[in-house]
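**Student:**
Residue numbers (the working numbering): 171 to 670.
(1) Out of 386, 213, 379, which has the shortest C-alpha to C-alpha gap to residue 260?
(2) What residue does the alpha helix (DSSP H) around residue 244 start on, and which one ends it?
(3) So residue 227 is in the beta strand (DSSP E); what residue range does that whole segment cover?
(4) Touching or not, the stretch 624-632 and the stretch 185-201, by the rule of three or more beta carbon pairs under 8 angstroms?
(5) Which term fits residue 458, buried or exposed, when burial requires 16 or more other beta carbons within 10 angstroms of its beta carbon?
(6) Note the first and the last residue of the continuous alpha helix (DSSP H) segment covering residue 443.
(7) Just list the residues that DSSP pairs residue 612 with in beta bridges.
(8) State the beta-bridge partners of residue 405 as determined by DSSP.
(9) List the residues that DSSP assigns as beta-bridge partners of residue 438.
(10) Pick helix, strand or coil for residue 186, following the three-state DSSP scheme.
(11) Expressed to the nearest angstrom, what Euclidean distance is found between the alpha-carbon atoms of residue 525 and residue 641?
(12) Considering just the uninterrupted stretch of the alpha helix (DSSP H) at residue 157, what are its terminal residues?
(13) Would you grab the beta carbon distance between residue 444 and residue 590 for me? Rounded to a whole angstrom, and I think it's under 8 angstroms.
(14) Looking only at C-alpha atoms, which of 371, 253, 438, 363 sits nearest to residue 200?
(15) For the putative contact between residue 547 and residue 512, defined by C-beta atoms under 8 angstroms, what is the C-beta separation to the nearest angstrom?
(16) Unbroken alpha helix (DSSP H) runs of length 4 or more, entirely within the stretch 523-592: which are they?
(17) Which value, in whole angstroms, describes the spacing of the CA atoms of residue 509 and residue 353?
(18) What does a CB cutoff of less than 6 angstroms around residue 252 pick up in its chain, not counting 5 residues either side in sequence?
(19) Classify residue 429 as buried or exposed, calling it buried when 16 or more other Cβ atoms lie within 10 Å of its own Cβ.
(20) Could you tell me if residue 433 is buried or exposed, where buried requires 16 or more neighbouring beta carbons within 10 angstroms of its beta carbon?
(21) Looking only at its own chain, which residues have a Cβ that is under 7 angstroms from the Cβ of residue 528, when we skip the five neighbours before and after it?
(22) Determine the burial state of residue 623: buried for a count of at least 16 other Cβ atoms within 10 Å of its Cβ, exposed for fewer.
(23) Under three-state DSSP, which class holds residue 206?
(24) Between 401, 396, 307, which has its C-alpha nearest residue 366's C-alpha?
(25) If you drop the 5 nearest sequence neighbours on each side, which residues of the same chain put their C-beta closer than 6 angstroms to that of residue 597?
(26) Pull up the CB-CB distance for residue 452 and residue 460, whole angstroms please, since I reckon it's below 8 angstroms.
(27) Would you call the stretch 481-499 and the stretch 603-612 touching, i.e. three or more CB-CB distances under 8 angstroms?
(28) Which whole-angstrom value is the C-beta distance of residue 495 and residue 179, which I expect to be below 8 angstroms?
(29) Note down the Cα distance separating residue 503 from residue 339, rounded to an integer number of angstroms.
(30) Enumerate in chain order the residues of its own chain whose CB-to-CB distance from residue 668 is below 6 angstroms, with the five nearest sequence positions on each side excluded.
(31) In chain order, what residues of the same chain lie with their CB nearer than 8 angstroms to the CB of residue 582, ignoring the 5 residues before and after it?
(32) So, is residue 394 buried or exposed, given that buried needs 16 or more other C-beta atoms within 10 angstroms?
(33) Just to confirm before moving on: does the CB-CB distance between residue 212 and residue 181 stay below 9 angstroms?
(34) What are the start and end residues of the beta strand (DSSP E) that includes residue 290?
(35) Please check the pair residue 216 and residue 639, which I expect to be a contact at CB under 8 angstroms, by giving their CB distance rounded to whole angstroms.
(36) Beta carbon of residue 537, beta carbon of residue 480: below 9 angstroms?
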């Protein structure tokens, strides 16, 4: 059996979880660590781009919960990548529950600008219901299978007591539709009807007001990778198949077959590809096939799309202190979070925009958010078609027929062949067991074969921080520590030589 220093480790994917795995193994004395990356870049779903003269995030956007519990925050602070306001004790102590207290502007489809007080009842009720959704995980016996069904049922019951069946009540229900679209983006799901109610409470937040990287999220990737020795990453090297549980006379427990035909021998392979890619390719990626319980969990867990549309204007049509713009369609009092006619009405799924701050750096740039099937369809359109749709949308909601955006830039995660979407969520019928099945190494503990041949990392394998960068990073460290413990115990079990 090789020692840790001699063990051949192959990591599939150079996203943040693969990078974190390699970093910990290299620093711990493993000399044969190699990352196979399908594309020509590192970072995976961390992707910083240029929009005119601005740096924008096409992928991961925030450090969610930047406090001592969050390793991404701690690393970013260590590397000097954050602005001073993100480092204050007050910022780290804020408990926002995953929803930053942004200052909103609210516009309606008839061109009216509302005050936040106009929609305050629905926003507050929505927050209350989201909090209640997290409680069924521990209580058990959830009354509805999905978050969407629970919210609609409760709103109908509670609003009957609070809101009259008049225009004011209709407006509150229309705002609920907007808030449901917001939550689709937060959760990365097409509809809240796809989001499991019982499993919704598995997701945990950490303290801290979400913050960004002033010089781009990829700065964290570069800092971590600067600690690698030369030649660790092989770019443009997609993997076709992982041959594990080998019964031939080869000295390798695992052979990684690349698309170009090359075979890479390994003692351990750590798979860090997105769940979206696994869903599409698990049947062909592993030989022999994955165990049935792992396949079922891959199928049950959700993986959706949340895309961004950056839009630049010559001058702002929102208030100076505005941080988020909500768009309320006045024909959506049925509390809907999806459209019937996707090709004709996909733009209605876009809940609104966040304002890129500070204005001195970004100018007048908004980031639109759109999730689900409508987001997938948006990716198939030309940039000019997207620009036209956004222009018509803004003109309608502001009542200003001459507003013209200067340009747009959008992400396209669903049609990226190596991600097939944005991030994971706990869908209907999911449980903690599915997340545990996904992270379970191969072969299983019950097997007599060489253990830890194939390990699994990535945000979808974290039991409570799934869908986050810190969740992905922690799973990389987890699998590195699993190998460290394996070789530590193996070494301590070796008989010692007698001094006689």
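Don't be surprised by glycine CBs; every beta carbon is placed ideally from N, CA and C.
**Tutor:** Put simply:
(1) Indexing the chain shown from 1 puts residue 260 at position 90. Looking at the Cα atoms, 379 is the closest of the given residues.
(2) Here residue 244 is taken as the residue at index 74 of the chain shown, counted from 1. Per DSSP, residue 244 belongs to the alpha helix (DSSP H) from 241-248.
(3) As a first step, residue 227 is located in the chain shown; it is residue number 57 there, counting from the start. That run of the beta strand (DSSP E) goes 224-227.
(4) yes
(5) Counting from 1 along the chain shown, the entry for residue 458 is found at position 288. Result: exposed.
(6) Within the chain shown, numbered from 1, the residue matching residue 443 stands at position 273. Premise fails: residue 443 is in no alpha helix (DSSP H) and is neither H nor E.
(7) Within the chain shown, the letter at position 442 stands for residue 612. For residue 612, which the question treats as bridged, DSSP gives the partners 624.
(8) Locating residue 405 in the chain shown gives position 235, counting from the first residue. DSSP output for residue 405 lists no bridge partner at all.
(9) Within the chain shown, numbered from 1, the residue matching residue 438 stands at position 268. DSSP output for residue 438 lists 179 as bridge partner(s).
(10) Looking up residue 186 in the chain shown gives position 16. Helix at residue 186.
(11) Within the chain shown, the letter at position 355 stands for residue 525. Within the chain shown, the letter at position 471 stands for residue 641. In this model, residue 525 and residue 641 are separated by some 26 angstroms (Cα to Cα).
(12) Summary: the structure shown does not reach residue 157, with the chain confined to residues 171 through 670, and so no result is reported for it.
(13) Counting from one through the chain shown, the residue named residue 444 turns up at place 274. Counting from one through the chain shown, the residue named residue 590 turns up at place 420. Their Cβ separation, rounded to whole angstroms, is 7 angstroms, which keeps residue 444 and residue 590 in contact under 8 angstroms.
(14) For the purposes of this step, residue 200 is taken as the residue at position 30 of the chain shown. Among 371, 253, 438, 363, the Cα nearest to that of residue 200 belongs to 438.
(15) Within the chain shown, residue 547 is the residue found at index 377, counting from 1. Within the chain shown, residue 512 is the residue found at index 342, counting from 1. Contact between residue 547 and residue 512 holds: CB atoms are separated by about 5 angstroms, below the 8 angstroms threshold.
(16) 529-532, 542-550, 553-568
(17) Your numbering for residue 509 matches position 339 in the chain shown. Your numbering for residue 353 matches position 183 in the chain shown. Between residue 509 and residue 353, the C-alpha separation is close to 15 angstroms.
(18) Along the chain shown, one-based indexing puts residue 252 at 82. Closer than 6 angstroms at the Cβ level, and outside the excluded window around residue 252, lie 246.
(19) Taking the first residue of the chain shown as position 1, residue 429 is located at position 259. By the neighbour-count rule (16 or more Cβ atoms within 10 Å), residue 429 is not buried but exposed.
(20) Looking up residue 433 in the chain shown gives position 263. Residue 433 comes out exposed.
(21) Taking the first residue of the chain shown as position 1, residue 528 is located at position 358. Contacts found: none.
(22) Position 453 of the chain shown, counting from 1, holds the residue named residue 623. The residue is buried, with at least 16 neighbouring Cβ atoms inside 10 Å.
(23) By 1-based counting over the chain shown, the position of residue 206 is 36. Strand at residue 206.
(24) Counted from its first residue, the chain shown places residue 366 at position 196. Closest by alpha carbon: 307.
(25) Against the chain shown, residue 597 aligns to sequence position 427. Same-chain partners within the cutoff: 364, 366, 472.
(26) The sequence position of residue 452 within the chain shown is 282, counting from 1. The sequence position of residue 460 within the chain shown is 290, counting from 1. Between residue 460 and residue 452 the Cβ distance is about 6 angstroms, and since that is below 8 angstroms, they are a contact.
(27) No, the stretch 481-499 does not touch the stretch 603-612.
(28) Locating residue 495 in the chain shown gives position 325, where the first residue counts as 1. Locating residue 179 in the chain shown gives position 9, where the first residue counts as 1. Taking a contact as a CB-CB distance under 8 angstroms, the pair residue 495 and residue 179 does not count as one, their CB atoms being some 47 angstroms apart.
(29) Translated into the one-based positions of the chain shown, residue 503 becomes position 333. Translated into the one-based positions of the chain shown, residue 339 becomes position 169. Going by the C-alpha atoms only, they are around 9 angstroms apart.
(30) Taking the first residue of the chain shown as 1, we reach residue 668 at position 498. The pLDDT assigned to residue 668 is 36, lower than 50, so where the model puts this residue is not dependable, and the model offers no usable value.
(31) Position 412 of the chain shown, counted from the first residue, corresponds to residue 582. So the qualifying residues of the chain are 477, 549.
(32) Against the chain shown, residue 394 aligns to sequence position 224. Buried is the call here.
(33) As a working note, residue 212 is residue 42 in the chain shown. As a working note, residue 181 is residue 11 in the chain shown. Taking 9 angstroms as the Cβ cut-off, residue 212 and residue 181 do not qualify as a contacting pair.
(34) Counting from 1 along the chain shown, the entry for residue 290 is found at position 120. Not the beta strand (DSSP E): residue 290 falls in the alpha helix (DSSP H), residues 286-303.
(35) Counted from its first residue, the chain shown places residue 216 at position 46. Counted from its first residue, the chain shown places residue 639 at position 469. About 7 angstroms separates the two Cβ atoms, so the contact holds.
(36) As a first step, residue 537 must be located in the chain shown, where it is residue number 367. As a first step, residue 480 must be located in the chain shown, where it is residue number 310. The criterion of a C-beta distance shorter than 9 angstroms is satisfied by residue 537 and residue 480.
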